[in-house]
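Contents: one structure, followed by commentary.
This is how it looks when you write it as structure tokens:
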């Protein structure tokens with residue numbers, strides 16, 4: 001993969017560069033999914049020309065919770081039926097205490113699903129060599145284009161500088 | 175106009191640089207004082223390990239627990255540490271949900287307390303077992319031993335509650351650390367760089383990653399609050415489900431939860447004051463943080479005294495012979511000294527300090543918090559021991575006196591808790607850098623002319639670009 005990117009000192013200049021890329025995307029042959037953005041803190045996505053798409057993460061957490069609760073009931077009831085242990089005149093599978101186990105495993109299911117969904121959706125962990133610049137954690141905002149048309153690179157470089165990029169770099173994975 | 179904007183940007187960046195340098199200093203720079211502190215904590219912690227080994231070798235006879243008081247220091251410590259663990263995740267989650275901006279500097283200190291206090295607290299049932307190497311018998315799984323867990327036992331509920339809370343708290347602590355670990359990775363060299371590269375999971379700060387992280391944190395904040403409440407409620411049921419005088423009470427659940435948050439906030443204030451002092455974070459942990467936490471502490475001090483009064487009034491009014499024996503032993507018998515010390519520590523001393531604005535300074539809140547931590551440990555002791563010492567028939571009454579082994583193990587685990595916290599502060603910035611920076615400057619504002627000229631926003635699924643992947 002090849003890329004050209006600029007490191008911008010603040011959100012205003014980065015946003016201007018993003019606006020330029022979006023505005024001129026058809027002329028420069030830039031696909032929207034080849035525009036790069038990285039920052040050291042969350043940015044207001046809409047201000048950068050993106051809108052947040054509906055994520056299934058909360059619903060998956062609910063599903064995980066339901067599965068957890070079901071697993072809790074299965075574990076408690078299976079164990080108690082397999083080894084009946086009369087206690088204090090209570091039924092062998094008593095719903096009050098089983099409800100506590102179900103509750104805790106419901107929550108555990110939601111937690112574990114959230115962790116798993118986060119890792120999968122954010123595509124982490126990922127230790128492959130990918131485009132990145134350590135200046136991002138120094139507060140710079142990286143805006144760039146991957147696999148840009150070689151004819152457009154000079155214009156992109158010039159425009160990134162014009163919009164306030166402190167540095168413009170090229171990246172090649174090869 | 176453009177110049178002003180540029181000047182503002184420069185000022186913001188300079189401020190952000192300062193924040194990064196200040197908060198990363200403890201990770202990259204290790205003073206002699208730090209090594210001395212670690213050495214001292216280990217030196218004072220080792221006797222605890224020796225005492226524990228001695229107890230395992232010689233059996234539970236070396237502890238002071240004996241008929242009829244089979245729960246002593248270890249269970250007191252268990253309840254105490256689980257209570258302290260309510261400092262972090264619960265408070266952090268509530269503040270996150272209500273979007274309290276002042277939380278940014280506080281949350282990580284708090285969340286770390288939760289994880290380490292839970293880890294320490296969970297040791298105590300194992301220490302209390304005597305034969306600790308058989309601790310896995312606590313784990314509820316069908317086995318070939320022919321010993322099957324009793325799901326109607328509150329002790330088993332503890333296992334599920336604490337495991338869930340520990341998993342949730344650890345997640346709640348670790349997820350927002352990822353961007354900060356990436357920051358350390360980008361500045362480190364050699365082995366440290368490799369370690370932080372692995373820890374940060376390849377974090378780059380793409381919109382997809384930020385979006386998913388924030389969403390995961392929102393979900394976790396919603397989930398973790400009922401879990402935290404359930405944990406201490408279930409710990410209270412270890413007592414309330416038993417027909418022991420002064421234990422069999424419906425108010426124990428909320429009473430324990432309120433007490434847990436109370437002691438947790440107190441521990442958090444002490445930890446924050448120490449971090450502020452030793453890591454020189456005066457710029458970030460400000461008097462306002464202590465003032466706000468002091469107000470919370472005041473509310474919980476009032477809530478605590480309400481519960482104490484309510485619980486005792488009901489017992490006194492019921493006037494049942496068995497309960498009154500335990501009741502009077504606490505109010506004016508051999509445990510009265512501890513009881514009134516507890517009331518002084520939890521209410522009489524902290525209330526005026528926290529209620530008067532002039533006294534609610536950093537020093538004031540730390541003094542109040544210190545007395546509260548002592549008072550809450552005494553409270554746990556008074557819940558556990560006196561009722562067991564006065565169970566129903568007078569011929570079965572007894573007493574309890576902790577031995578050197580119990581005291582040494584207790585002190586050792588305290589040192590262990592502090593050591594874990596100190597080591598954590600070495601590997602992780604104690605204030606969340608990205609969250610703090612996120613609150614340090616104004617949000618970007620779209621320029622209408624450009625927005626109008628730009629094509630309709632592309633669909634953002636948090637994905638950016640294949641190239642980002």
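Residue numbers (the numbering used here), protein chains in the order written: chain A, 1 to 174; chain S, 175 to 643.
Note that the Cβ used here is the ideal one computed from N, Cα and C, for glycine as well.
Quick caveat: nothing in here was measured; it's all calculated off a predicted structure.
Exposed or buried, what is residue 572/S when buried is set at 16 or more other beta-carbons lying within 10 Å of its beta-carbon? Sequence index remark: in the second chain, residue 572/S carries index 398 (1-based). With fewer than 16 Cβ atoms within 10 Å of its Cβ, residue 572/S is classed as exposed.
I need the DSSP call for residue 483/S, collapsed to helix, strand or coil. Taking the first residue of the second chain as position 1, residue 483/S is located at position 309. For residue 483/S, the three-state secondary structure derived from DSSP is helix.
Do residue 468/S and residue 398/S have their C-beta atoms within less than 8 Å of each other? Your numbering for residue 468/S matches position 294 in the second chain. Your numbering for residue 398/S matches position 224 in the second chain. Pairing residue 468/S with residue 398/S gives a Cβ-Cβ distance that is not under 8 Å.
So, at 8 Å on beta carbons, what are the nonlocal neighbours of residue 137/A in its own chain, with the 5 sequence-adjacent residues on each side left out? Numbered from 1 along the first chain, position 137 holds the residue referred to as residue 137/A. Cβ-Cβ distances below 8 Å link residue 137/A to 40 in the same chain, with the five nearest sequence neighbours on each side left out; the list follows chain order.
Interface partners of residue 568/S on chain A, CB under 8 Å: Position 394 of the second chain, counted from the start, is the residue given in the question as residue 568/S. Within 8 Å Cβ-Cβ: nothing; residue 568/S doesn't reach chain A, min ~26 Å.
Residue 198/A and residue 131/A closer than 8 Å at C-beta: Past the boundaries of the shown model lies residue 198/A; chain A is included only from 1 to 174, so the question cannot be answered.
When DSSP labels each residue in this structure, what does residue 30/A get in the three-state scheme? Reading the first chain from its first residue, position 30 is the one you call residue 30/A. Here residue 30/A sits in coil by DSSP.
Any C-beta of chain A sitting closer than 8 Å to the C-beta of residue 408/S? As a first step, residue 408/S must be located in the second chain, where it is residue number 234. Residue 408/S has a beta carbon lying within less than 8 Å of a beta carbon in chain A.
Proximity test, Cβ basis, 8 Å: residue 107/A and chain S: Here residue 107/A corresponds to residue number 107 of the first chain, with the count starting at 1. With respect to chain S, the C-beta atom of residue 107/A has a partner C-beta closer than 8 Å.
Using Cβ-Cβ distances below 9 Å, what residues of the region 357 to 387 of chain S are close to chain A? Using a CB distance below 9 Å, the part of the region 357 to 387 of chain S facing chain A consists of 357, 358, 359, 360, 361, 371, 372, 374, 375, 376, 377, 378, 379, 380, 381, 382, 383, 384, 385, 386, 387, ordered along the chain.
Contact set between residue 323/S and chain A, taken where Cβ atoms lie within less than 7 Å: If you number the second chain from 1, residue 323/S lands on position 149. Under a criterion of Cβ atoms nearer than 7 Å, the residues of chain A adjacent to residue 323/S are, in order, 79.
Less than 7 Å between C-beta atoms, sequence neighbours within five positions excluded: which residues of the same chain meet that for residue 69/A? The count along the first chain starts at 1 and reaches residue 69/A at position 69. Cβ within range, chain order: 102, 105, 106, 109.
Any beta carbon from chain A within less than 8 Å of residue 397/S's own beta carbon? The residue given as residue 397/S occupies position 223 in the second chain. Residue-level contact check: residue 397/S touches chain A, since one or more beta carbons of chain A fall below 8 Å from its beta carbon.
Cβ contact check for the region 264 to 284 of chain S and the region 295 to 312 of chain S: 3 or more pairs under 8 Å: No, they do not touch.
Take residue 566/S and list the residues in its own chain whose beta-carbon comes closer than 6 Å to its own, dropping the five residues that flank it on each side. The residue you call residue 566/S lines up with position 392 of the second chain. Same-chain partners within the cutoff: 496.
Find the nearest neighbour of residue 89/A within the set 525/S, 326/S, 433/S, judged by alpha-carbon distance. Stepping through the first chain from its first residue, residue 89/A is reached at position 89. The residue with the shortest Cα to Cα distance from residue 89/A is 326/S.
Over what stretch of residues does the beta strand (DSSP E) that includes residue 146/A continue unbroken? For the purposes of this step, residue 146/A is taken as the residue at position 146 of the first chain. Residue 146/A -> beta strand (DSSP E) spans 141 to 146.
Any idea if residue 231/S is buried or exposed, counting beta-carbon neighbours within 10 angstroms, 16 or more meaning buried? The residue given as residue 231/S occupies position 57 in the second chain. Residue burial annotation: residue 231/S is exposed, with fewer than 16 other C-beta atoms found within 10 angstroms of its C-beta.
Contact list for the region 587 to 607 of chain S against chain A, Cβ threshold 7 Å: Answer set for the region 587 to 607 of chain S: empty.
For the ligand GDP, any of its heavy atoms closer than 7 Å to the Cβ of residue 448/S? What this structure holds is no ligand at all, so the ligand GDP is not there to describe.
Ignore the nearest five residues each way along the sequence and tell me which others in residue 171/A's own chain have a CB closer than 6 Å to its CB. Numbered from its first residue, the first chain carries residue 171/A at position 171. Within the same chain, residue 171/A has close Cβ partners 3, 131.
Let me confirm a value: residue 332/S is counted as buried when at least 16 other C-beta atoms fall within 10 Å, else exposed. Which label applies? What you label residue 332/S is simply residue 158 of the second chain in a count that begins at 1. Flag for residue 332/S reads buried.
State yes or no: is the beta carbon of residue 299/S nearer than 8 Å to at least one beta carbon in chain A? As a working note, residue 299/S is residue 125 in the second chain. Between residue 299/S and chain A, the shortest Cβ-Cβ separation is not below 8 Å.
Can you name the residues of chain S whose CB is closer than 8 Å to the CB of residue 103/A? For the purposes of this step, residue 103/A is identified with residue 103 of the first chain, where counting begins at 1. The answer, in chain order, is 404.
Within 8 Å of any Cβ in chain S, is that where the Cβ of residue 115/A sits? What you label residue 115/A is simply residue 115 of the first chain in a count that begins at 1. So, interface residue.
Going by CA-CA distance only, name the one from 407/S, 535/S, 401/S, 491/S that's closest to residue 111/A. The residue labelled residue 111/A in the question sits at position 111 within the first chain. Ranking the options by Cα distance to residue 111/A, first place goes to 401/S.
Alpha carbon to alpha carbon, how far is residue 411/S from residue 424/S? Translated into positions along the second chain, residue 411/S becomes position 237. Translated into positions along the second chain, residue 424/S becomes position 250. Computed Cα separation, rounded: 9 Å.
Please report whether the beta-carbon of residue 393/S lies at a distance below 8 Å from any beta-carbon of chain A. Here residue 393/S refers to the residue found at position 219 when the second chain is read from its first residue. Taking 8 Å as the threshold, the shortest C-beta distance from residue 393/S to chain A falls below it.
Given this structure, state the Cα-to-Cα distance separating residue 84/A from residue 337/S, to the nearest angstrom. The count along the first chain starts at 1 and reaches residue 84/A at position 84. The count along the second chain starts at 1 and reaches residue 337/S at position 163. Using only the alpha carbons, I get a separation of about 25 Å.
Residues bridged to residue 171/A [DSSP beta-bridge criterion]: Translated into the one-based positions of the first chain, residue 171/A becomes position 171. Beta-bridge annotation (DSSP): residue 171/A is paired with 3/A.
Using DSSP with H/G/I as helix, E/B as strand and the rest coil, what is residue 11/A? The count along the first chain starts at 1 and reaches residue 11/A at position 11. The DSSP-derived three-state label of residue 11/A is helix.
Around the Cβ of residue 193/S, are there at least 16 other Cβ atoms within 10 angstroms (buried) or fewer (exposed)? As a first step, residue 193/S is located in the second chain; it is residue number 19 there, counting from the start. The residue in question, residue 193/S, is buried, as its Cβ has 16 or more Cβ neighbours within 10 Å.
State whether the region 442 to 455 of chain S contacts the region 492 to 506 of chain S, with contact taken as three or more CB pairs (one from each stretch) at a distance under 8 Å. Taking 8 Å as the limit for Cβ pairs, the verdict is that the region 492 to 506 of chain S does not touch the region 442 to 455 of chain S.
Between which two residues does the beta strand (DSSP E) containing residue 131/A stretch? Taking the first chain and counting its residues from 1, the one referred to as residue 131/A is at position 131. Counting along the chain, residue 131/A falls outside any beta strand (DSSP E), and DSSP gives it neither H nor E.
Which partner residues does residue 37/A have in the DSSP bridge list? Walking along the first chain from the start, residue 37/A turns up at place 37. The partner list for residue 37/A (beta bridge, DSSP) reads 143/A.
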